[in-house]
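Working notes for the structure below.
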Amino acid sequence: MISFPAPLKSTAADPAALDPEERMSRDEIEALQLTRLQHTVKYAYERVPLYTQKFDDAGVHPEDLRELSDLAKFPYTTKEDLRQTYPFGMFAVPQDQVARIHASSGTTGRPTVVGYTAGDLDRWSTLVARSLRASGVKPGYKVHNAYGYGLFTGGLGAHAGAEKLGCTVIPMSGGQTERQIQLITDFQPDTILCTPTYLLTIADAMRSAGIDPRSTSLKNAVLGAEPWTEEMRHELEVSMDLDACDIYGLSEVMGPGVAGECVESKDGTHIWEDHFRPEIIDPFDDTKVLGDGEPGELVFTSLTKEALPIIRYRTHDLTRLLPGTARPGMRRMGRITGRSDDMIILRGVNLFPSQIEEIALRIPALSPHFQLEITRPGRMDELTVKIERREDSTSDECKTAAAELRAQIKIHVGSSCSVQVAEPGTLGRSSGKLRRIYDLRAAEAGLVQS
Ligand code: DLL
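Rendered as structure tokens:
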């Protein structure tokens, strides 16, 4: 029996309230996956010309899928496929059966568009409800939803799931931090849903307004949409006196609720494997499917989606698969260290913002507010970590902290960098997904940055 530290203010879901699939054994889940996978692969092949062409080009047919491991014979799907078929070319149902459309912001090219049938929306809200319940949210709770509403899947996805669980939803959306604080004070919610960096922003703004973030009505926070660390969990839990759990998802695969964390174990998100089949592949050699426990890139195949079935979607998220604990039939994923396309390669050393977060938060004088700037003043790339000091730190402590951070980054990450300690409140704040990396090399070279 594994034992976990007791949650601060939440309790585990009532076992009687779990979905039947949450109680299935590993064998039962895999049997269900195989049936659903065989159906999905055939469905996608017959209905989406891109899949027909990709399977034919790869010389595979839906009937080749006899066991789960046969999935490795099928071709991958990428964001580029969605862009090439923009806007609706990968939809598997006629438009009058598409009940909702979401899209990525498209700051780096054409947006990627995703669609849902009424059945898809129902399954999506069921999985968000399942994730929230796992994280300690109870029917009847007041849920303050500060994920952005609109084309982003966070706001409406979390909203529908909280309603399905039987909560009272406060559809606040992101931004307007003072208003958020006013509503948290007046409406006394039990739960907050937002990105981890936005919760930091809210906690900071509370302190500036003279409100102790530990004194609110909030019992738990269900946080996702960007990478965060155990150190950040600790920071938020201690500074706000609540349980902070992780929720994972991506629009191409569904939205929030592909995986959710159980509050009683707080040991990573359980992937809802009755609806998604995960694989881990070598990001540099995609012919290699890696075993459980091995780090690599996460790939998902949907098992029940109607409007946008997705086969072997390359997420670019780096993690590993771990055995289930609080839901033994479903595997967990380790925390996402970062995205393979967000990795900084600095003089041959690979680096992710989450590594800096982990190190910085162990140094008492430093706050969790930091950004990474990459420049090339001469012929070599240089990294500058700009990080705010904590309000109560002295200038001597800051000097020592800067040296300590530089040394720890050298030891644990392997790269040299410079550290600039900034005054509290001077670096950019998040109201959703926070941008941590500022790559100034193209601008320095006189090139236009996309
Ligand atoms: O961010 C969906 C979502 C909304 C998840 C609200 C959780 C809460 P996208 O905008 O398509 O969808 O971005 C998906 O965000 O591939 C990861 O890189 C990152 N991401 C999402 N959740 C987590 C998490 C939503 N819990 C991309 N930890 C994904 C780390 C996450 N990264």
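The sequence shown begins at 1 in UniProt numbering and counts up by one.
Every residue gets a Cβ at the ideal spot worked out from N, C-alpha and C, and that includes glycine.
These numbers were taken from a predicted model, which means no experiment stands behind them.
A distance criterion of 7 angstroms places the beta-carbon of Tyr248 in contact range of the ligand DLL, judged by its closest non-hydrogen atom.
In the structure shown, Ala205 adopts helical secondary structure according to DSSP, grouped into three states. Cys417 has its alpha-carbon roughly 47 angstroms from the corresponding atom of Asp120. Spatial neighbours of Ile363 in its own chain (CB-CB distance under 7 angstroms, excluding positions within 5 residues in sequence) are listed in chain order as Ala401, Glu404, Leu405. Secondary structure at Gln33: helix, using DSSP grouped into helix, strand and coil. Per DSSP, reduced to three states, the secondary structure at Cys194 is strand. The segment 346-361 makes no contact with the segment 100-114, as fewer than three CB pairs between them are under 8 angstroms. Following the DSSP letters along the chain, one finds Tyr438 inside the beta strand (DSSP E) bounded by residues 437-439. Listed in chain order, the beta strand (DSSP E) runs fully inside the segment 291-341 are 296-302, 313-319, counting runs of at least 3 residues.
According to the DSSP assignment, Leu351 belongs to the beta strand (DSSP E) that extends over 349-351. Restricted to the UniProt domain "AMP-dependent ligase C-terminal" (348-441), the beta strand (DSSP E) segments that are unbroken, complete and at least 3 residues in length are 349-351, 366-375, 382-389, 418-422, 437-439, listed in chain order. When secondary structure is reduced to three states using DSSP, Ile211 falls in the coil class, being assigned neither helix nor strand. Rounded to the nearest angstrom, the gap between the Cα atoms of Lys219 and Asp190 is 5 angstroms.
Looking at the DSSP output, Ile280 shares a beta bridge with Leu290, Leu298.
Contact between Ser125 and Thr229 is absent: CB atoms are separated by about 29 angstroms, not below the 8 angstroms threshold. Taking non-hydrogen atoms of the ligand DLL into account, the C-beta of Thr153 is found less than 7 angstroms away from one of them. With respect to the 8 angstroms criterion, Leu303 and Arg47 are not classified as neighbours on the basis of their beta carbons. Around the Cβ of Pro213, a 10 Å sphere holds 16 or more other Cβ atoms; the residue is buried.
Relative to the ligand DLL, the beta carbon of Glu231 is positioned no closer than 7 angstroms to any heavy atom. A contact is defined here as three or more CB-CB pairs under 8 angstroms, and the segment 196-207 meets this definition with respect to the segment 422-440.
Here Lys386 has Phe370, Gln371, Glu373, Gln420, Ala422, Leu427 as same chain residues with Cβ atoms under 7 angstroms from its own Cβ, once five neighbours each way along the sequence are excluded. Shown here for Gln97: same chain residues with a beta carbon closer than 6 angstroms to its own, the five before and five after excluded, namely Thr117 in chain order. Note on the segment 218-269: whole beta strand (DSSP E) runs with a minimum of 3 residues are 220-224, 243-250, 255-261, in chain order. Look at Asp14 here: in three-state DSSP terms it is coil, with no helix or strand label. Counting the other CB atoms within 10 Å of its CB gives Ala31 a total below 16, which places it among the exposed residues. For Leu34, the CB contacts under 6 angstroms within the same chain, skipping 5 residues up- and downstream, are Leu68 in chain order. Straight-line measurement puts the Cα of Arg390 at about 13 angstroms from the Cα of Asp396. Lys164 and Ala209 have their C-alpha atoms roughly 34 angstroms apart. Set against 7 angstroms, the gap from the CB of Asp317 to the closest heavy atom of the ligand DLL is smaller.
A contact is defined here as three or more CB-CB pairs under 8 angstroms, and the segment 7-19 meets this definition with respect to the segment 131-145. A residue is called buried once 16 or more other Cβ atoms fall within 10 Å of its Cβ, and Met380, having fewer, is exposed.
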